[in-house]
Structures are given as structure tokens and as C-alpha cells.
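Just so we're on the same page, the working numbering is the position in the sequence shown counted from 1, plus 135.
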Amino acid sequence: MCYQLTSVEDSHSSTVYKCHLLNGDNIYLKIPYIKLKCQRELEAYEIIKDRVSIPKMLDYWSGDEECPGAFLLSELKGQPLTNKALPTVAFQVGVLHASMHQIQPPTTLQLTGIQNEFPDWFNFVERQFYSFAEDVKEILDGSLYKQSLERFENMKLQLPPSDGPCFIHMDFRPANIIVDGDKVSGMIDFESVRFGSTEIDFTKLYRDFLSFDFTLYQSYQEGYNTIRPLIDLGVVLPFYQFTDAFNSIGWCKRRGIEKNASFLRKNFSILKKVLL
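This is the structure we're talking about:
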């Protein structure tokens, strides 16, 4: 029985509650934003369970006309990753990330929520960018907006061949990586996953963790390379940092500028550093 329910703050899309049980354990109730995200998460748990460390899905509700569905999840022991972590933890994060990227599209499981974007990868990236551009246009200065479109087209031409098809998280950031002391417990939040190119999956981790300490960056790379070869991040990061900032500005417009003001300012800053 749950005796206390608290809201989880660092969940930008889904509604997540932490349920404190009478026996001292904790479980999580997660309500995805839309039906598609709910289906993605459901399929992700089936694909990656027993292959990388994730919470256990204890129960699932398929939803109704008013609610897209809900999950009841076990707790991974620990706290979200911070940039104060030891290099040994960064090494484990690299191993975890690469282990996820080792997963390829299943041949025996029919998927309806998780798309395989790899065969048409650059068109997928372009569709995302120009979809958010409609929102960005309403809040970005006209000259910066035009400059952003031009920069996107120029940088896109410099990208190397895609690395995949791989299972990609699309939101692999410290808040979704759980660490217990000096051990990585696992990862959470699979509502945005795809099969695609790994190159898009390093941006948020670099922005919020790896860029703060070269020793952490080096240890992460060493860990990743024990599982699979790491692509040259120096070649792809500038493009994906730029597109992530641009798309995030559009996301803030869609979800509410006032509610996401801090996140909006952060991405304005990243975008201007690239353009100016």
C-alpha cells in the first residue's frame, strides 16, 4: 500500500509520481504525454529487458479516451548522475550507453510505436528540424532564424555516414541515468526511443555531463569502446548540439514558454554561441 505520493520534478514530458510504500520500498507511476509515447515505452521494455539495466515494469494500464495509459515501475536504487561523479562511474556510463547501442531492430517482434528511422536517417533529422522550425519562427529574431536554416543545411552536408541501425534513447542525459554510490544502477525513460544512428544520442550527455571534465569524457569513451567502437564525436557533436538547441526552442514554444523559461534561455544561449 502507498502511504505517500510525491511528484518527480525533472520529468519534462510525462507525469511521474514516486510512491512510498509501507514496507519501505518505492515504486513509480508514470503517465506518458501521448499514446504514441506510451506505446514506445511499452515496446522498449520488451526489447531491452535483460540486455541493459532498467527498472522492472510491475504493471501496465492501456488507457482510455482521456488518459493515454500508465506504467507502474520498480525503483533503480540511487540518484541521478551528476558531474561530480568519479571517472569509474563515467566509464560505466560508457559501457551502459554502448550496450544499449548494440541492440538492433528485432526480427521477431512487430513494432507499432518504435520506428526504425535508420534507412532514411538524414530525412528523419531534417523532418524533426523543420517541424520545430514552424514554432521557432514565432519567437526567434528573423535574422537568427534565417541564419539557423542556412547553418543547418551547410552543416548537414559535412556529416559522416550514419552509425547503425542501433537502439537510441534520444534523451540520454544525467537525469535519466541512475547511480548508486560508485555504481551505475541503470537508465530510465524510454518514451522517445527509436532505431537510428548513434550520432544523435551523445548530445545531451555531453552538454550536461561530459563537457565539464575531460577526465570524465575520457573515461566514458574508454568504457564505450569496450563494447563497440565510438564514432568521432568531434565531427558530429557541433551539428547535433545546434539542432538540439534549435529543436528545444521549438519544444518550449509548444509546451509553454513561461513554464519552460529556464530551459528556453539555456537553449537560446547554445544556439547563439553556434551562430554568432
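Beta carbons are placed, not taken as given, at the ideal position from N, Cα and C, and that holds for glycine.
Looking at the DSSP output, His-236 shares a beta bridge with no other residue.
Remark: C-beta atoms of Arg-363 and Gln-237 approach each other more closely than 8 Å.
Secondary structure note for Cys-173: its alpha helix (DSSP H) is the uninterrupted segment 170 to 183.
Its chain contains Pro-167, Phe-206, Phe-325, Glu-326 as the residues whose beta carbon lies nearer than 7 Å to that of Glu-176, once the 5 sequence neighbours on both sides are disregarded; these appear in chain order.
In the structure shown, Arg-390 adopts helical secondary structure according to DSSP, grouped into three states. By the 16-neighbour rule on beta-carbons within 10 angstroms, Arg-186 is exposed. Straight across, the Cα-Cα distance linking Lys-394 with Gly-385 is about 14 Å.
Ranking Asn-402, Ile-405, Phe-403, Ile-313 by CA distance to the CA of Val-228 puts Ile-313 first. Between Met-305 and Arg-329, the C-beta gap is smaller than 8 Å, which places the two residues in contact.
The region 277 to 294 makes contact with the region 357 to 376, as at least three CB pairs between them are under 8 Å.
Beta-carbon to beta-carbon, Tyr-152 and Leu-208 are separated by about 11 Å, too far to satisfy the 8 Å threshold. When the beta-carbon positions are compared, Val-319 and Leu-221 stay at least 8 Å from each other. Per DSSP, Ser-354 lies in no beta strand (DSSP E) segment; the continuous alpha helix (DSSP H) that holds it begins and ends at 349 to 360. Under the DSSP assignment, Asn-161 falls in the beta strand (DSSP E) whose first and last residues are 161 to 166. Closest by C-alpha distance to Ser-346, out of Glu-269, Met-322, Leu-368, Asn-161, is Leu-368.
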